[in-house]
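Student: Residue numbers (our numbering), protein chains in the order written: chain A, 1 to 278; chain B, 279 to 398; chain C, 399 to 689.
1) On a Cα-Cα basis, can you pick out the residue from C:402, C:484, C:528 that is closest to residue 448 of chain C?
2) Can you round the beta-carbon distance between residue 162 of chain A and residue 33 of chain A to whole angstroms, since I take them to be within the 8 Å contact cut?
3) Once you ignore the five residues that flank residue 399 of chain C on each side, which residues in its own chain have a CB closer than 6 Å to its CB?
4) Can you list, in chain order, the residues of the region 157-191 of chain A whose Cβ is nearer than 9 Å to any Cβ on chain C?
5) For residue 452 of chain C, which residues does DSSP report across the bridge?
6) Would you call the CB atoms of residue 3 of chain A and residue 159 of chain A closer than 8 Å?
7) Secondary structure at residue 649 of chain C, three-state DSSP: helix, strand or coil?
8) For residue 216 of chain A, report the span of its beta strand (DSSP E) as first-last.
9) What residues in its chain sit with their C-beta under 8 Å from that of residue 428 of chain C, if we drop five residues either side in the sequence?
10) Taking residue 329 of chain B as part of the alpha helix (DSSP H), name the residues at either end of that continuous run.
11) Can you tell which of C:403, C:407, C:401 has the C-alpha that lies nearest to the C-alpha of residue 605 of chain C?
12) Do residue 523 of chain C and residue 548 of chain C have their CB atoms nearer than 8 Å?
13) Using the Cβ count rule (16 or more neighbours within 10 Å means buried), how would you classify residue 413 of chain C?
14) Going by Cα to Cα distance, which pick from A:128, A:123, A:78, A:206 is closest to residue 23 of chain A?
15) Where DSSP assigns a beta bridge to residue 285 of chain B, which residues make up the other side?
16) Spatial neighbours of residue 310 of chain B within its chain, please: C-beta separation below 8 Å, excluding the five flanking residues on both sides.
17) With a threshold of 8 Å between beta carbons, is residue 662 of chain C in contact with chain B?
18) Quick one: what does DSSP say residue 660 of chain C is sitting in, helix, strand or coil?
19) What do you reckon, are the CB atoms on residue 349 of chain B and residue 304 of chain B nearer than 8 Å?
20) Between residue 583 of chain C and chain B, is there a C-beta pair that is closer than 8 Å?
21) Could you tell me which uninterrupted alpha helix (DSSP H) segments, each at least 4 residues in length, are contained entirely in the region 582-657 of chain C, listed from first to last along the chain?
22) Apart from the five residues on each side of it in sequence, which residues of its chain come closer than 6 Å, Cβ to Cβ, to residue 262 of chain A?
23) For the 8 Å Cβ check, are there 3 or more pairs between the region 444-462 of chain C and the region 576-595 of chain C?
24) Residue 230 of chain A: buried (16+ other C-beta within 10 angstroms of its C-beta) or exposed?
25) Starting from residue 63 of chain A, find everything on chain B with Cβ-Cβ shorter than 7 Å and list it in chain order.
26) Give a yes or no on contact between the region 49-69 of chain A and the region 143-154 of chain A, applying the rule of three or more CB pairs nearer than 8 Å.
27) Taking the beta strand (DSSP E) that residue 115 of chain A falls in, what are its first and last residues?
28) Any idea if residue 495 of chain C is buried or exposed, counting beta-carbon neighbours within 10 angstroms, 16 or more meaning buried?
29) Tell me which residues share the same chain as residue 267 of chain A and place their Cβ nearer than 8 Å to its Cβ, disregarding the 5 neighbours each side in the sequence.
30) Using 10 angstroms around the beta-carbon of residue 509 of chain C, count the other beta-carbons present and answer buried if the total reaches 16, otherwise exposed.
31) Residue 688 of chain C: buried (16+ other C-beta within 10 angstroms of its C-beta) or exposed?
32) Along the chain, where does the alpha helix (DSSP H) that runs through residue 172 of chain A open and close?
33) Can you pull the chain C residues whose beta carbon is under 7 Å from the beta carbon of residue 296 of chain B, in chain order?
34) When you compare only the Cα positions, how much space is there between residue 472 of chain C and residue 500 of chain C?
35) If you check the beta carbons only, do residue 677 of chain C and residue 663 of chain C fall under 8 Å apart?
36) Going by DSSP in three states, residue 495 of chain C sits in which element: helix, strand or coil?
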C-alpha cells in the first residue's frame, strides 16, 4: 500500500483522530506519531505491549582543556552563539547547539570531539499485528527534527504518519517520503486560513493530497468546499460533528471500534485514498 | 570598576532595559574616570543564544558588574563564570540612580534568573 | 502594562476564540498574536489594511549559496553538511534554501571559496492601529527562527503602546521555541484546556513549560461538559499542582456559527458567553494580584 501523512495546519482539527482511526481499520499498519512535542496517539491504542524503548541522541561537542590553546576560533565560528569563552576552555550551551560539526572542523588543535546528548525517547509498541511508534521530546529540548527522523525510520509500507500541527520544520521533516497527504480541516475560518499554508507546503514537496472535513456541519462546510473547488481537488471524506464522537474520543477510545457508521466512513476514506495512490 | 547596563537610549537618566540579550545598547560606565560609553549590542540580531553572545561581549570588555532586571541562566553561566557580579536593578529609578545605589552598596544581588528563551 | 498570554499545549482547545472574546469583554487596547506559524487572531479582530501602521520584513539567519561558476564539483560541501541540505542536480552542487540551517560549514570546507552567505527573509511583522494596537507576524512556511519572530512581535507591542493596563497575547500551541519565547516577561499565563485524555496529557506538559519561568498560571477548561470524568481528573491535577482554575466553559453549539460569521461572543448572550464573562472578571482580579 503506501505511506500516508496526515496534516492540518491548525491544531485540534482531528489529525490524531483521523490517523489513529485509519490505522485501526488497516491490517498490518504502522502508526507513527511525529507530534513529538505533544504525542497523543498511543493513548488510543490500549492493550499495546511495549516492544522496546530507546533514547534518541544527537551529537554535541566536548572540549579537551589540555589541548585547547584559547584561540577562540570555535567561538567565533559558531553561528548559533552556542559557545562562550570565559576561563580556559570554551563553554557549550547545548540547547542552542545545532550539532553542525563546525567547531570541530575549525579547531586546529584537535581539542574538540563530538559526544552524544539525549533529545528524547522513542517507544515502539505492538498491538494486534499493528505497530505503534511514538517519539517524546525531552522538555526544554528545542528541536524536534532529529527525533522525528528517528521515528520515521520505523516506517513500513502500510504507514500512517500523524504530523505535528503547523507548517514549520518539524512538519516538513514528517512528510518527507510520504506517498500521499491527507489534509484534515474543520469548517471554520481559522481552519481555512491555516490549511492554505499546508497546501503550499505539500505542493512544494510535490506530494499528491486530498481533503477531509472533520466535524462536518452542513451549514458551514461551504467554507472549506469552496476553497477545495478552486484547487480542483477532492474532499475524500466528511466526518459529521457529533457529541458522541467527541465524547468517545475524549475518553481515549477509537470511534471505529464503537460506531458502525463512522467505521464505514473511514473504510470509504481508505478506498478513496487507495484509488488516488494506485 | 566597569559597570554594564542594558539600555535603549544614550542617556543616563533613562530606564534600564527590561531585557538583556536583545537590548539595543549597552552602557559601560567606568567609575574611576566617570566615563560613559554606549555600545551597540550585536547580539540583538543573533538567531539564538543572544544572552550568551551579549555576555561574552561584556566578558571581553573586562566588566566587573552588571545591573539588570532579569537574566537567562545561560547569560548567568557566562557572566558568573567570569566572576562578574550581578545586581538587581531597582525599578522606577534611572540608570544614574541605580549606579549610585550600587556604589553605595544599596543594590541586592540578582535573583530573577530564568531558564532562558532557547534557540531563537 | 500587565501581559496575559493565552496558550494551550494541545491545539484546538479554543485559545483564539477565548482570547478574542476576552479582548472584547475587557476592552483591551493592546493585543498581539504570537502564533507566528499560524496566526489567526486577525480573523476575529476588526483590523484591516487601512489600519496598518507599519510592516517590516523579518530577516532570519543568513543561509548559504554556491556560486556554480567557481564550483569545481569536489563535493566536500555535501560530504560535510549535517543537514542533508546540499544536492547534486544537473551536474551542479546546490544548497536547498529550505533545508539550509546557516551553519557555515560548507563555506569553511570549500577549497575554492565558492560558497557565501546570503540574506534570508523568513517572514514579516505588522503593527495595526485603530483605537487599539495589534502586533502580529507571519513566518514564511517551513522556516525556523519562530522564537526570534515571537520576540519581535512582543517588542513591537511594547514599543508602540504606552499606558495601557493590560495586554492580551494569543500564543501558539505546543511547548517548543515559539511558546518558550512568548513566555518571557509575562505576568499571567492562561492555559486553555479541554476535558479529553489528550488534553490532560498536553496540559501537564505545557504547565511544566510555563513553570520553568515561574509565571503565574491559570487554567480555563473549555468544552467542559464534554467529558465529566476527565474534567474531574483535570480539576484534581489543578488542585494538586497549586494552579488557579479560572473557570469552565460548556460546549455551546452556537459558538461556531458566531465566530465563523466574525461576530463576537462578547456581544451575544449564550451560555458560553456568560461563562466567559465570569472568567473575564476573575482574570482582572488575578492580573491585579500579580506583582
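We put the beta carbon where it would ideally sit given N, CA and C, even for glycine. Bear in mind that the values here come from a model prediction, so they are computed numbers and not experimental data.
Tutor: Per the coordinate set shown:
1) C:528
2) 5 Å
3) Hits under 6 Å: 562, 565.
4) 164, 165, 166, 167, 168, 169, 170, 171, 172, 186, 187, 188, 189, 190
5) C:525
6) yes
7) It is coil, neither helix nor strand.
8) 209-216
9) 399, 530, 531, 555, 559, 562, 564, 565, 566
10) 328-338
11) C:407
12) no
13) buried
14) A:128
15) Residue 285 of chain B has B:294, B:303 as its beta-bridge partners, per DSSP.
16) 279
17) no
18) coil
19) The criterion of a C-beta distance shorter than 8 Å is not satisfied by residue 349 of chain B and residue 304 of chain B.
20) yes
21) 595-609, 626-638
22) 255
23) no
24) exposed
25) Those within 7 Å of residue 63 of chain A in chain B number zero; the least Cβ separation is about 14 Å.
26) Contact check between the region 49-69 of chain A and the region 143-154 of chain A: three or more CB pairs, one atom from each, fall below 8 Å, which counts as touching.
27) It spans 112-127 - the beta strand (DSSP E) in which residue 115 of chain A sits, taken as one unbroken run.
28) exposed
29) Hits under 8 Å: 25.
30) By the neighbour-count rule (16 or more Cβ atoms within 10 Å), residue 509 of chain C is not buried but exposed.
31) exposed
32) 169-175
33) 583
34) 21 Å
35) no
36) coil
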